[in-house]
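First the structure, in the form of C-alpha cells, and then the observations on it.
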Amino acid sequence: MKYIAFILFTVMTNAAAQLMLKQGMMTLGPISFEGTNPLLKMLQIVFSPWVFVGLLTFVISMASHLYVLSKVELSFAYPFLSLAYVAVAVFAYFVFREDLNAWRIAGIAFICVGTVLIAQSGRGSAEVASTNPVQTSELAQ
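Have a look at this one:
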C-alpha cells in the first residue's frame with residue numbers, strides 16, 4: 007500500500023495527457039490527409055503545442071508506471087489505471103462540457119468499486135521484493 011501515491015501519480019498523469027491531447031486536437035480541428043503529405047501532416051500534429059506536451063506527459067506517466075511495476079505486482083498495479091477513465095470523464099465534463107449521463111456515472115461507479123476491491127486485496131502482499139520474486143529464467147520455463 008505504500009506505493010499507492012506513485013500509482014495515483016501514474017493515473018493522474020495519464021489522465022492529464024489525455025486531456026492535453028484532446029485540447030490539442032480541438033485546436034487543430036478535424037484532420038484530413040487529402041492533398042497533403044501524410045508524414046508532414048503527422049509531424050504537424052505531433053509538434054503542435056498541446057499534443058506535444060500531452061505526449062511528453064505520457065512519457066512521464068509511463069516512467070512512473072515502470073517504477074511502480076518494479077515495486078508491486080502487475081495484477082495489483084494495472085487495474086488502478088482504470089481510474090484514469092474516471093478522472094478523464096469528470097475533467098472532460100468540467101473542461102470540455104462533455105456529457106456525463108447516468109450510464110457513464112454508473113460505469114464510473116463500477117470502476118471505482120472494482121478498484122477499491124483490488125486495492126483491498128493487495129494489502130500486505132503487493133511488494134514484489136518481499137514476495138516470491140520470479141527470475142527471468144523462471145519465466146522462460
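When we follow my numbering, the leftmost residue of the sequence shown carries the number 7, and every step to the right adds one.
We put the beta carbon where it would ideally sit given N, CA and C, even for glycine.
Where the alpha helix (DSSP H) through residue i begins and ends
i          : result
residue 64 : 55 to 75
residue 28 : 10 to 34
residue 48 : 44 to 52
residue 39 : That residue, residue 39, is in no alpha helix (DSSP H); it is neither H nor E in DSSP.
residue 80 : 80 to 83
As assigned by DSSP and simplified to three states, the class of residue i
i           : result
residue 130 : Note that residue 130 scores 42 on pLDDT, short of 50, meaning its location in the model is unreliable; the coordinates nonetheless yield the value given after this. Looking at residue 130 - three-state DSSP - the assignment turns out to be coil, as it is neither helix nor strand.
residue 135 : Only weak support exists for where residue 135 lies, its pLDDT of 49 falling under 50; the value from the coordinates is given anyway. Residue 135: coil per DSSP, three-state reduction.
Under 7 Å between C-beta atoms of residue i and residue j
i          : j           : result
residue 91 : residue 117 : yes
residue 94 : residue 22  : no
residue 56 : residue 35  : no
residue 59 : residue 12  : no
residue 9  : residue 78  : yes
residue 53 : residue 47  : no
Would you call the region 57 to 72 and the region 16 to 27 in contact, with 3 or more CB pairs under 8 Å?
-> yes
Give a yes or no on contact between the region 7 to 17 and the region 87 to 94, applying the rule of three or more CB pairs nearer than 8 Å.
-> yes
Taking contact to mean at least 3 C-beta pairs separated by less than 8 Å, is the region 70 to 80 in contact with the region 94 to 101?
-> no
Alpha helix (DSSP H) runs wholly inside the region 80 to 117, at least 4 long, in chain order | 80 to 83, 89 to 101
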